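In mature numbering (1 follows the signal peptide of the UniProt record, and there is no 0), the protein residues as written are -28 to -1, 1 to 622.
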């Protein structure tokens, strides 16, 4: 579930995603002294002023700066439309011709972007009186990877292409079949199989094929990335990645939030560990209290919803899944999108434009190869917004439809902002808005309202059903959080040099054990590169946005529920149909990134800070129940990576 949007500050990431799409279709040493409260919290030391590349003569004329920015907007709308259109055409019709066109347009955009950037940094915008004009220049003053000289830029492109190609082309053999790809083959096995040894084999072989071959390439990626950071005026690549957050102590902020959440994560960890021990047997569970990484229903143990059948509090109670009802009512993909649009209209938000219905891809075509991953698209001409989704008639996709339309609503609300501001207030806001709406849509009361749950159904007030519903949510929302945090905490420390190359895999497992309480099912060593077996690492996609989005979506939900249903428990709140809540949300969405995110957060929630409080409030019934269930369990686990990783190369 992704939004496809461009702005100058996001462009380097977008170019990496393009190369990934193209490649996918051509999908006993001492520990480094890092503690759970201090890991990856050193902040960038470079001031913004020092990032401006020296020129012979800066232009201080504010009127000229305004003229430049108007021309910048005009040109970037043209260029962005061209590349988004090429990307959409390729993603919805994967052919060599469309691939070649996408590569051609990408090179053109990269080239023109660099020329525009060279002009932009000649303006002495810090002296401008207009704060919005200053902010536009500030946001486009960092080019990112394309700022490298031509030789290094080509080398970086080649490295990232090889990284993603290795990942995307990885496949494995099992006893009965070869050529098994990650999606759908291995994803299905990890989700559905309950064969301990088969899951272990898949887990190991995927890392042998997708991670290990990329180890040395990734070290070169770090070297060139750090070089690009210096060209942009930063110290190391982690500082460059953190620039869009505009928060000097951002690393410490997210570390503090994780520390706030850790006791609650330990509860669900202890409960799931207990149920897995009952299912697989004590002999298969490590004595240190960790959970084997391969039995949590996901290749990366990032979310645990696929093992709900093993850990459900009341497995004999009726499920909240309304898929069967949707099928009985002859729902189509178009019905699902129209239903989602009604949700937005009933909040007094903007209907989908005609071109959305005319040009989107709602279902998987049978006559061509497409990329099925659900995405929302902004074409930068203020009238063309689309989704691409291979929609199936089920409840999961109904939630996804609302999520993707949430991205489109964000685009529609800020479409008249300058190009530099056409993005979320920070990188986590877009995903949070999509998930925020799903928190209402998935409630029993809302499902009754849209006739997918019978009016006389007692599920809404059934405490056992509520606990089933809450645990299922927590297996995806709460279980994800340590992984969402450590993915970038680990890479920040790699980029900054805190983690040396010779301990790259060992420290990866220190992070996995310390934060998640999971362990590898077989001993690892420094020929392995297990972090690289996750898409976002070879693709160079930062991940902390997902951690942030999982936190702030509950803050947003609480803010709107305080308007719409202040007397209803947060987990039962449905904002559907409340115009005041919709108008409150729209005020924040319209800002785009024209203000720093704490200001947008304050407008939405009354506070400038991120906090886990509303998430903890949402899951209170579950936490109380878990306390009873795990009364005889030991919370937490031992952190000793030497039990699992050898510090040598074979």
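Idealized CB from N, CA, C, for every residue including glycine. Note that the structure is a prediction, hence the values are computed from the model and not measured.
Query, Result
"Could you give the DSSP three-state label for residue 520: helix, strand or coil?", "helix"
"Whole angstroms is fine: what's the gap from residue 10's alpha carbon to residue 406's?", "Low confidence applies to residue 10: its pLDDT is 36, below 50, so where it sits in the model is not reliable, and the reading given next is rough at best. Straight-line Cα distance between these residues: approximately 31 Å."
"Out of 515, 322, 581, which one is the CA nearest neighbour of residue 551?", "322"
"Decide if residue 332 is buried, meaning its Cβ has at least 16 other Cβ atoms within 10 Å, or exposed.", "buried"
"Nearest CA to the CA of residue 200: which residue from 223, 300, 311, 117?", "117"
"Whose C-beta lies closer than 7 Å to the C-beta of residue 7 among residues of the same chain, with five residues either side of it excluded?", "Residue placement at residue 7 cannot be trusted, given a pLDDT of 30 that sits under 50; what the coordinates show is reported in the next sentence. Cβ neighbours of residue 7 beyond the five flanking positions: none."
"If you compare alpha carbons, which of 617, 113, 500 is closest to residue 206?", "113"
"Which value, in whole angstroms, describes the spacing of the CA atoms of residue 255 and residue 236?", "27 Å"
"On the three-state DSSP scale, how would you describe residue 151?", "strand"
"By a C-beta neighbour count over all protein chains shown, 10 Å radius and 16 as the cutoff for buried, is residue 72 buried or exposed?", "exposed"
"Which one or two residues does DSSP pair with residue 144 in a beta bridge?", "152"
"Starting from residue 86, trace the beta strand (DSSP E) in both directions and tell me its first and last residue.", "That residue, residue 86, is in no beta strand (DSSP E); its alpha helix (DSSP H) goes 68 to 92."
"In this structure, how does DSSP classify residue 647 when only helix, strand and coil are distinguished?", "Missing from the structure shown is residue 647; the chain here goes from -28 to 622 and no further."
"Below 8 Å between beta carbons: does that hold for residue 553 and residue 319?", "yes"
"Taking residue 594 and residue 447 to be in contact with their CB atoms under 8 Å, please state how far apart those CB atoms are, rounded to whole angstroms.", "Between residue 447 and residue 594 the Cβ distance is about 10 Å, and since that is not below 8 Å, they are no contact."
"By the 10 Å Cβ neighbour count, where 16 or more other Cβ atoms means buried, how is residue 198 classified, buried or exposed?", "buried"
"Report the three-state DSSP secondary structure of residue 276 (helix, strand or coil).", "coil"
"Give every residue of the same chain whose Cβ lies closer than 6 Å to the Cβ of residue 370, excluding the five residues on either side of it in the sequence, and list them in chain order.", "308"
"In three-state terms, what does DSSP make of residue 491?", "strand"
"Drop a sphere of 10 angstroms on the beta-carbon of residue 79, count the other beta-carbons inside from all chains shown, and report buried for 16 or more, exposed for fewer.", "exposed"
"Could you please give the first and the last residue of the uninterrupted beta strand (DSSP E) stretch that includes residue 33?", "From DSSP, residue 33 is part of no beta strand (DSSP E); its letter is neither H nor E."
"Classify residue 330: buried if its beta carbon has 16 or more other beta carbons within 10 angstroms, exposed otherwise.", "exposed"
"Using the Cβ count rule (16 or more neighbours within 10 Å means buried), how would you classify residue 338?", "exposed"
"In the DSSP output, which residue or residues are listed as bridge partners for residue 264?", "491"
"Take residue 396 as the anchor and find which of 315, 517, 455, 436 has the nearest alpha-carbon.", "517"
"Would you call residue 140 buried or exposed, if buried means 16 or more other Cβ atoms sit within 10 Å of its Cβ?", "buried"
"Look at the Cβ atom of residue 106, then the Cβ atom of residue 100, and state whether they are nearer than 8 Å.", "yes"
"Identify, in the order they occur along the chain, each residue of the same chain with its Cβ nearer than 7 Å to the Cβ of residue 53, setting aside the five sequence neighbours on each side.", "351, 352, 353"
"What does the Cβ neighbour count give for residue 231, buried or exposed, with the cut at 16 atoms within 10 Å?", "exposed"
"Report the CB separation of residue 524 from residue 536 in whole angstroms; it is logged as a contact under 8 Å.", "Wrong, their Cβ atoms sit about 18 Å apart, outside the cutoff."
"Between which two residues does the beta strand (DSSP E) containing residue 347 stretch?", "347 to 350"
"Quick one, are the C-beta atoms of residue 502 and residue 179 less than 8 Å apart?", "yes"
"DSSP on residue 562, reduced to helix/strand/coil?", "coil"
"Going by DSSP, what residue range makes up the alpha helix (DSSP H) through residue 593?", "592 to 601"
"Using a Cβ-Cβ cutoff of less than 8 Å, which residues in the same chain neighbour residue 26 once the five nearest sequence positions on both sides are dropped?", "Summary for residue 26: the model assigns pLDDT 48, below 50, so the residue's position carries little reliability; its value from the coordinates is reported in the next sentence. Excluding sequence neighbours, residue 26 sits near nothing in its chain."
"For the structure I just gave you, are there three or more beta carbon pairs, one from the stretch 299 to 316 and one from the stretch 486 to 495, closer than 8 Å?", "no"
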